[in-house]
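Here is the structure we will look at.
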Amino acid sequence: MGGETVTKTMEDLFPGNMGRMLMIRVMLKMRRPDLRDMPRTAPLEASLVAELETTIRQVQLG
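For the sequence shown, the numbering used here gives the first residue as 98, with consecutive numbering after it.
Now the structure itself:
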């Protein structure tokens, strides 16, 4: 409960084949080609997760 932190991975944010397509669009928008080389199951820093989630919403809205 209180104080617990959930560590997200690239696989959590971009699951499956459709997630991989979304990841490409997010990488282009963020101008971060280095995201492609990140391990899909490695824990991500909270600041990167927040930035990715914001960009995912922007990309999904068009």
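Just so it is clear, CB atoms sit at the ideal spot from N, CA and C, and this is done for glycine as well. All values derive from a computational prediction rather than experimental measurement.
Subject >> Rounded Cβ spacing between Thr152 and Met118 (contact assumed at less than 8 angstroms) >> reply: Against the sequence shown, residue 152 aligns to sequence position 55. Against the sequence shown, residue 118 aligns to sequence position 21. Contact doesn't hold; Cβ gap of about 14 angstroms is too wide.
Subject >> Straight-line gap, Met115 to Ala143 (C-alpha atoms, nearest Å) >> reply: Looking up residue 115 in the sequence shown gives position 18. Looking up residue 143 in the sequence shown gives position 46. So the two alpha carbons sit approximately 23 angstroms from each other.
Original post:
Roughly how far, in whole angstroms, is the beta-carbon of Met107 from the beta-carbon of Leu141, given that I think they are within contact range, below 8 angstroms?
Top reply: The sequence position of residue 107 within the sequence shown is 10, counting from 1. The sequence position of residue 141 within the sequence shown is 44, counting from 1. Contact between Met107 and Leu141 is confirmed by a C-beta separation of about 7 angstroms, below the 8 angstroms threshold.
**OP:** Go ahead and pull the three-state DSSP assignment for Lys105.
**Re:** Counted from its first residue, the sequence shown places residue 105 at position 8. Coil at Lys105, not helix or strand.
Original post:
Taking the alpha-carbon positions, what's the Val103 to Arg137 distance?
Top reply: As a first step, residue 103 must be located in the sequence shown, where it is residue number 6. As a first step, residue 137 must be located in the sequence shown, where it is residue number 40. C-alpha separation (whole angstroms): 16 angstroms.
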